[in-house]
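*Asks:*
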Amino acid sequence: MSLSTDDVRHVARLARLALTDDEVEALGGQLSNILAYAEKVGEVAAEDVPPTSHPYPLRNVYRTDEARASLPPEDAISTAPQAEDGRFHVPRIVGEEA
Amino acid sequence: MGELLVTKTAAGLRNLLDAGDVSAVEVAQAHLDHIEATDDQLKAFLVVMRESALTKAREVDARIADGAGAGLLAGIPVALKDIFTTRAVPTTCGSKILEGYRPPYDATVTSRLDAADAVLLGKTNMDEFAMGSSGENSAYQLTTNPWDLERVPGGSSSGSGAAVAGFQTPLAVGTDTGGSVRQPAAFSGVVGAKPTYGRVSRYGMIAFASSLDQASPFARTVTDAAWMLEAIAGHDPMDSTSIPEPFPNLREGLEAGVGGMRIGVVREFFESEGLEPGVRDRTQEAIQRLSKLGAQIVEVSLPHAVYGVSAYYLIAPSECSSNLSRFDGVRYGLRVDADSAEEMMAATREAGFGAEVKRRIMIGTYALSAGYYDAYYAQAQRVRTLILRDFAAAFEQCDALISPTAPTTAFRFGDKSDDPLAMYLNDIFTIPASLAGTPAMSLPAGLDEKGLPVGVQVMGPVLGEQVMFRVARALEAEIAFDPTPRGPNALELG
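These protein sequence lines map, in sequence, to chains A and B. Using my numbering, the first residue of the first sequence is number 1067, and each one after it goes up by one. Using my numbering, the first residue of the second sequence is number 144, and each one after it goes up by one.
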């Protein structure tokens, strides 16, 4: 597996990382090397082997349906880089209408 | 008195506090003074909580004076890796993206230690978002190894390991995802103990790889590590992966010895190319000691362990790429302004994350992207099943496993930082138990020919912390390791 500069830029866009040109170049080689090593997982474990994510079998973990206190809104918003009227403030997401 | 107090174990301090020979304030003061005297060299702490530590110590003293029962950790100093949220106290996770962040809530680990009346001294340095094996990925400072200030302390829990090894605190909590407590414990001559995945709540522990992350204690003795683990472990309804079973009393049977037990030696780990002779020799001596103590030594095989690093470097980056999407300049931490939300997020993340974090986000994003999920993440989770089965088969033949913790002793700063893959391979012996979710701990086995500590790893079956600690305690008593850092470049303890 070898990643082109375009591949790296595409992944960076998906990951919301405004990488510099130097970073794009360095990462192309590094990711190719790391993925080549990681691809060894394909040598074993046929599709009939189930995947594991937890050593202790747990399923459908629910809490009881009881109202309880949660983090007060003013605490939740206290850490925001920019807030307004008790809301998180962000730049425009939807383009301006024509 | 101050200098003597910092050399005490938590158990030793407990005796002094209970007998009224020393106050919690004196204990806290001695450790705070020692941090002040040594942290210019060690750089283990990102935040020292002098005032709140002394306030807590005074409360504990009042409670002891009132005759109110004091718990095991009452008045005992602890330090927390800066990955655990602490209400109103800066929590950075070693990253610039969280510089200045003061969380509005405490992690479960934080609140349990407080409820146990432990005295929190401060927050310790770490590789950014716990990604690293040397501590060199911290965005703030380079923690040094107390045994040789020119060498790395190991990572990612670099500050917690170095603080315990440098006598700045008898106890500290780290997190172990692929070896991030066991490997720094090995590098700095202390004990680091990862329990079964799900034993300690992840609530308020900033997520790196959610299916692997596990809070784990550092201490200078096996007994102290057991005390701390008991204080933080147990079911927590705030973490849906938390195991809904009571945590065992590790102190019971701790001294029962290994007579009649069967200890498995993992064959493949001794065939590893990068294993240093000093590490191999100390581990083999440890195996001989267990045999001398009456354990039966059996050879076992973990045939799929060789695929562990490959699986890990798909699973951990995949989960991190998802977890770290929350750092987007909206709810907390850094924001770099831009005209659109997407540009703001991309600029914020570019400026706030370091090179290793970006590298792992990129690997993970790629591995999870359309068309690759099955070949990478799903396949890695299948390999995980094979490794789990290997462990289950091994534990049919024996009660516990023993191996080296890391293939090398502490390396010099910069030695591996240019080669990510070489750095990743330092976790080759710790990753299998992380993927299997089984408990594993490192304890000091002696020094190599360079005078650097060697760690030996004891591994137990799922939920088998008691047997693991019993083996570790027997081995510790036989090895009788002196944890005082020494050597030409060692930290001056004053």
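Glycine is no exception: its CB is placed at the ideal position from the N, C-alpha and C atoms. All values derive from a computational prediction rather than experimental measurement.
1. Once DSSP output is grouped into helix, strand and coil, what is the label at K266 of chain B?
2. Compute the beta-carbon to beta-carbon distance between T552 of chain B and V597 of chain B, rounded to the nearest angstrom, for a pair I have assumed lies under 8 angstroms.
3. What's the C-alpha gap between L263 of chain B and A1142 of chain A?
4. Along the chain, where does the alpha helix (DSSP H) that runs through D1151 of chain A open and close?
5. Tell me T318 of chain B's beta-bridge partners as DSSP assigns them.
6. Using the beta-carbon of each residue, which ones in chain A are nearer than 8 angstroms to S464 of chain B?
7. By how many angstroms is the C-alpha of E293 of chain B removed from the C-alpha of V221 of chain B?
8. Against V526 of chain B, what residues of chain A qualify as contacts under a CB-to-CB distance less than 7 angstroms, listed in chain order?
9. Under a three-way DSSP split, which group does K501 of chain B fall into?
10. On the criterion of 16 or more Cβ atoms from any shown chain inside 10 Å, does M144 of chain B qualify as buried, or is it exposed?
11. With a cut-off of 8 angstroms, does the C-beta of S483 of chain B fall near any C-beta of chain A?
12. Could you check what DSSP says for M488 of chain B in three-state terms: helix, strand or coil?
13. Which residues in the same chain as A490 of chain B place their Cβ atom closer than 7 angstroms to its Cβ, once the five residues preceding and following it in sequence are excluded?
14. Below 6 angstroms CB to CB, which residues in the same chain sit around A1164 of chain A once its five sequence neighbours on both sides are set aside?
15. Taking the alpha carbon of N280 of chain B as the reference point, which residue from B:G297, B:N288, B:A306, B:A196 has its own alpha carbon closest?
16. Quick check: the segment 453 to 466 of chain B against the segment 515 to 530 of chain B, are at least 3 beta-carbon pairs closer than 8 angstroms?
17. In the DSSP assignment, find the beta strand (DSSP E) that holds R405 of chain B and state where it starts and stops.
18. Taking the DSSP output, what are the residues bridged to E442 of chain B?
19. Start and end of the alpha helix (DSSP H) containing V526 of chain B?
20. Can you check DSSP and say which residues form a bridge with I545 of chain B?
21. Jot down the residue ranges of each uninterrupted beta strand (DSSP E) in the segment 339 to 398 of chain B, minimum 3 residues, whole runs only, in chain order.
22. The ligand COA heavy atoms versus the CB of Y346 of chain B: any closer than 7 angstroms?
23. Secondary structure at M144 of chain B, three-state DSSP: helix, strand or coil?
24. With 8 angstroms as the limit, tell me which residues of the segment 167 to 179 of chain B have their beta carbon closer than that to any beta carbon of chain A; keep them in chain order.
25. State yes or no: is the beta carbon of D1088 of chain A nearer than 8 angstroms to at least one beta carbon in chain C?
*Replies:* According to the data block:
1. Taking the second sequence and counting its residues from 1, one reaches residue 266 of chain B at position 123. Note: K266 of chain B maps to strand in three-state DSSP.
2. Counting from one through the second sequence, the residue named residue 552 of chain B turns up at place 409. Counting from one through the second sequence, the residue named residue 597 of chain B turns up at place 454. In this structure T552 of chain B is in contact with V597 of chain B, their Cβ atoms being roughly 6 angstroms apart against a cut-off of 8 angstroms.
3. Here residue 263 of chain B is taken as the residue at index 120 of the second sequence, counted from 1. Here residue 1142 of chain A is taken as the residue at index 76 of the first sequence, counted from 1. Answer to the nearest angstrom: the Cα atoms are 24 angstroms apart.
4. For the purposes of this step, residue 1151 of chain A is taken as the residue at position 85 of the first sequence. D1151 of chain A -> no alpha helix (DSSP H), and no H or E assigned at all.
5. Within the second sequence, residue 318 of chain B is the residue found at index 175, counting from 1. Looking at the DSSP output, T318 of chain B sits in a beta bridge with B:A358.
6. The count along the second sequence starts at 1 and reaches residue 464 of chain B at position 321. What S464 of chain B touches in chain A: A1081.
7. Here the question's residue 221 of chain B lines up with position 78 in the second sequence. Here the question's residue 293 of chain B lines up with position 150 in the second sequence. Rounded to whole angstroms, V221 of chain B to E293 of chain B spans 26 angstroms at the Cα level.
8. Translated into the one-based positions of the second sequence, residue 526 of chain B becomes position 383. Near V526 of chain B (Cβ distances below 7 angstroms), the residues of chain A are V1107, V1110, A1111.
9. Numbered from its first residue, the second sequence carries residue 501 of chain B at position 358. In this structure, K501 of chain B counts as helix in the three-state DSSP scheme.
10. To locate residue 144 of chain B, count along the second sequence from 1; it is residue 1. Its pLDDT being 42, under 50, M144 of chain B is placed unreliably by the model, and nothing is read from it.
11. Position 340 of the second sequence holds residue 483 of chain B. Cβ-Cβ to chain A under 8 angstroms: yes for S483 of chain B.
12. Numbered from 1 along the second sequence, position 345 holds the residue referred to as residue 488 of chain B. Secondary structure at M488 of chain B: helix, using DSSP grouped into helix, strand and coil.
13. Taking the second sequence and counting its residues from 1, one reaches residue 490 of chain B at position 347. V479, A481, listed in sequence order.
14. Counting from one through the first sequence, the residue named residue 1164 of chain A turns up at place 98. Residue placement at A1164 of chain A is flagged as unreliable, the pLDDT there being 46, under the threshold of 50; the coordinate-derived value follows with that caveat. Within the same chain, A1164 of chain A has no close Cβ partners at all.
15. Along the second sequence, one-based indexing puts residue 280 of chain B at 137. For N280 of chain B, the nearest C-alpha among the options comes from B:G297.
16. By the Cβ test, the segment 515 to 530 of chain B is in contact with the segment 453 to 466 of chain B, since at least three Cβ pairs between them sit closer than 8 angstroms.
17. In the second sequence, residue 405 of chain B corresponds to position 262, counting from 1. Counting along the chain, the beta strand (DSSP E) containing R405 of chain B begins and ends at 405 to 409.
18. Your numbering for residue 442 of chain B matches position 299 in the second sequence. Here E442 of chain B is bridged, per DSSP, to B:V408.
19. Within the second sequence, residue 526 of chain B is the residue found at index 383, counting from 1. Unbroken alpha helix (DSSP H) run through V526 of chain B: 522 to 540.
20. Residue numbering aside, residue 545 of chain B sits at position 402 when the second sequence is read from its first letter. Its beta-bridge partners are B:V408, B:V601.
21. Listed in chain order, the complete beta strand (DSSP E) runs (minimum 3 residues) inside the segment 339 to 398 of chain B are 357 to 362.
22. Annotation note on the ligand COA: not contained in the displayed structure, which lists no ligands.
23. Along the second sequence, one-based indexing puts residue 144 of chain B at 1. Bear in mind that a pLDDT of 42 at M144 of chain B, under 50, signals an unreliable position, so the number given afterwards is only what the model happens to contain. In the structure shown, M144 of chain B falls within a coil segment according to DSSP collapsed to helix, strand and coil.
24. Result list empty, no residue passes.
25. No chain C appears in this structure, whose protein chains are A and B.
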